[in-house]
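Chemist: For the sequence shown, my numbering assigns the number 1 to the initial residue and increments by one for each residue that follows.
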Amino acid sequence: MAFMDLGDNFVLWMTMRANICLKKSSRKVDELFRMLDKDGSGTIIFDEFLCALRPPLSPSRLAVIKKAFAKMDKTGDGKITLEDLRNVYQVKHDARYMSGKATEDQILRDFLKTFEAANSMDGVVTWDEFLSYYSGVSASIDSDSYFELMMWKAYNL
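#1: Tell me whether M35 is buried or exposed, calling it buried when 16 or more other Cβ atoms sit within 10 Å of its Cβ.
#2: To the nearest angstrom, report how far apart L57 and I80 are at their CA atoms.
#3: Tell me which same chain residues have a C-beta within less than 7 Å of the C-beta of A139, skipping the five on either side of it?
#4: Starting from M121, follow the alpha helix (DSSP H) in both directions and report where the run begins and ends.
#5: Pull up the DSSP beta-bridge partners for K79, would you.
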């Protein structure tokens with residue numbers, strides 16, 4: 001058995017336990033698994049595993065992510081909807097829109113899907129989903145200044 005089956009995109013508890021290379025007590029391995037299994041499903045979805053490996057966000061990165069979310073959440077209800085996006089995201093320069101291959105709604109829905117967790121594709125982006133997305137982006141950028149600049153430019157903050 002392999003530690004992680006990327007084809008199925010999750011780690012089964014028994015697979016992890018059977019293959020863990022650390023000399024830890026059964027109790028310690030159980031604790032580790034519970035810590036990684038954020039949704040309590042008995043499996044570790046690959047995204048859960050990656051989230052556990054991410055470094056914490058610096059205060060400045062968190063602040064700029066909050067600014068971007070607040071700008072997108074026009075109604076201030078803690079979620080970004082299609083209606084919120086209509087007020088802040090212009091599709092008129094999108095190649096798919098200009099060519100007639102996609103409508104404004106299709107492009108806006110696709111944009112929302114970028115941020116949504118795989119298990120909650122409901123057309124609404126919550127703060128947690130937005131934060132999780134940008135925490136992942138942040139993990140691949142070493143410089144706080146560069147990350148902040150990218151966010152300022154992307155969201156015209």
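A virtual CB, placed ideally from N, CA and C, is assigned to each residue, including glycine.
Modeler: The short version:
#1: That one is exposed.
#2: C-alpha separation (whole angstroms): 22 Å.
#3: The residues are R54 and P55.
#4: Note, M121: premise wrong, no alpha helix (DSSP H); not H, not E.
#5: Answer is T126, bridged to K79.
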